[in-house]
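Residue numbers (the numbering used here): 4 to 407.
Written out as structure tokens, the structure reads:
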């Protein structure tokens, strides 16, 4: 799954023209890359959560949109949160409030945003989910991203008290898949890892990344995009901790790749070095690789990151191995998954018979990294320099990639 998606630039106000304009640019710029053609419409197309039909920024029949994406050669994808309901949402929220997972007091269990999850131990909910999946298939989408899936598994009172949260989640997803059919790629998000096995083709292995546009609007700290809760560095820790799951449990999804804002006009954007690090992380993960900027707004330097032939050669394949995963803290190994220090800095992978070494510097100062055995004389991907020394200087918030 390689292509582009709407959420990280357009958020909840995405419209049809924005989707199609980016689809055309994507397919024009990556026409020489077979399979780089997914165009995924994310959150913002629907009336509200639980009312899964198009709002007034999209046609009543999303088949029109999927046809327009396909016309230049794209594959349409769609975001859904099938278990999530906004209280009072037209249709589901007003007609079937009894479908919620409830607390001991009988009230729906709400998440921090005030929304509740559907109880898939209820056969009526299962039927509704199957029908919803069938509607998505009828619209003609070839990929679905199913989000906020944990809401189906929250602890609470269910229609069938014998059903656990995990089993309710899997029942609901199996019903969705029955409606979607066998040909759609299913990407899980906001999903416990183990219950995704055998159901989701791909699954998120970290958090949502910081959104430069939203950070600017909400006045978040400039460092949020690198070290904050939604930053690149914590994402690297998550991805490295779960490296062994890729292509064993599912395709590991590291979230999106962004480069917009490096010129400083958007102070919350990623620098060129940070964008290179994020793009390298996502490529070596081996799973879905989705761009998320407004493609027409990218500068020449930003495009050079996202369209670098050497980077694209690394996309979609076997996963990487974080060599120093447990070497960067003094605590027991499990502490590495929660440590606030630097993630693993040496990632090794293989692509098309060639060996790849990514030397990351997650710190705020330049660092020196040892060149791994077998990479003497290798060409560095981002600078095109030849490695002729046993060590390599890596700038702050950067990566150097050796291919041998």
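For glycine and all other residues, C-beta sits at the position ideal for the given N, C-alpha and C.
For residue i, the nearest candidate out of the options (CA to CA)
| i | options | result |
| --- | --- | --- |
| residue 94 | 131, 210 and 359 | 131 |
| residue 211 | 11, 53 and 101 | 11 |
| residue 276 | 308, 297 and 254 | 308 |
| residue 359 | 318, 159 and 176 | 318 |
| residue 36 | 345, 357 and 314 | 314 |
| residue 399 | 363, 383 and 386 | 363 |
| residue 412 | 386, 387, 133 and 26 | In this structure the chain extends from 4 to 407, so residue 412 is not present and cannot be described. |
| residue 18 | 121, 60 and 73 | 60 |
| residue 21 | 298, 253 and 108 | 298 |
| residue 52 | 63, 117 and 305 | 117 |
| residue 1 | 381, 129, 195 and 312 | Beyond the ends of the chain as shown, which are 4 and 407, falls residue 1; an answer cannot be given. |
| residue 16 | 42, 383, 33 and 50 | 50 |
| residue 368 | 306, 345, 265 and 233 | 345 |
| residue 371 | 392, 200, 153 and 384 | 392 |
| residue 353 | 82, 286 and 152 | 286 |
| residue 386 | 357, 312, 264 and 351 | 312 |
| residue 356 | 383, 350, 349 and 316 | 316 |
| residue 74 | 264, 40 and 349 | 40 |
| residue 115 | 154, 125 and 177 | 154 |
Whether residue i touches residue j by CB criterion (7 Å)
| i | j | result |
| --- | --- | --- |
| residue 146 | residue 85 | no |
| residue 365 | residue 236 | yes |
| residue 408 | residue 80 | Coverage of the chain is limited to positions 4 through 407, which leaves residue 408 absent and any answer about it impossible. |
| residue 325 | residue 347 | yes |
| residue 272 | residue 322 | no |
| residue 407 | residue 378 | yes |
| residue 4 | residue 291 | yes |
| residue 394 | residue 376 | no |
| residue 402 | residue 361 | yes |
| residue 202 | residue 159 | no |
| residue 123 | residue 175 | yes |
| residue 141 | residue 156 | no |
| residue 255 | residue 208 | yes |
| residue 71 | residue 23 | yes |
| residue 278 | residue 262 | yes |
| residue 205 | residue 253 | yes |
| residue 284 | residue 259 | no |
| residue 121 | residue 128 | yes |
| residue 198 | residue 161 | no |
| residue 68 | residue 119 | no |
| residue 388 | residue 405 | no |
Three-state class that DSSP yields for residue i in the structure shown
| i | result |
| --- | --- |
| residue 191 | strand |
| residue 97 | helix |
| residue 273 | coil |
| residue 31 | helix |
| residue 340 | Interpretation of residue 340 is limited by its pLDDT of 49, a score under 50 that renders its predicted location unreliable; the figure taken from the coordinates is listed afterwards. Helix, per DSSP. |
| residue 103 | strand |
| residue 6 | strand |
| residue 452 | Outside the shown range of the chain, which is 4 to 407, sits residue 452, and nothing can be said about it. |
| residue 17 | coil |
| residue 130 | helix |
| residue 346 | coil |
| residue 291 | coil |
| residue 363 | strand |
| residue 281 | helix |
| residue 262 | coil |
| residue 213 | coil |
| residue 352 | strand |
| residue 136 | helix |
| residue 249 | strand |
| residue 120 | strand |
| residue 205 | strand |
| residue 318 | coil |
| residue 200 | coil |
| residue 406 | strand |
| residue 298 | helix |
| residue 112 | coil |
| residue 324 | strand |
| residue 36 | coil |
- Task: Would you mind listing the alpha helix (DSSP H) stretches within the region 38-91 that are 4+ residues and don't spill past its ends, in chain order?
- Result: Entirely contained in the region 38-91, the alpha helix (DSSP H) runs reaching 4 residues are, in chain order, 66-73.
- Message: Ignoring anything shorter than 3 residues, give me the beta strand (DSSP E) runs that lie fully in the region 370-402, in order along the chain.
- Response: 370-373 and 394-397
- Item | Segment contact flag, the region 133-140 with the region 94-112, C-beta cutoff 8 Å, min 3 pairs | no
- Touching or not, the region 100-110 and the region 42-62, by the rule of three or more beta carbon pairs under 8 Å? no
- Is the number of C-beta pairs between the region 5-23 and the region 37-56 that are closer than 8 Å three or more? yes
- Query: Considering only residues of the region 148-187, which uninterrupted alpha helix (DSSP H) runs meet the minimum length of 4 residues and lie entirely inside it, listed in chain order?
  - Reply: 168-183
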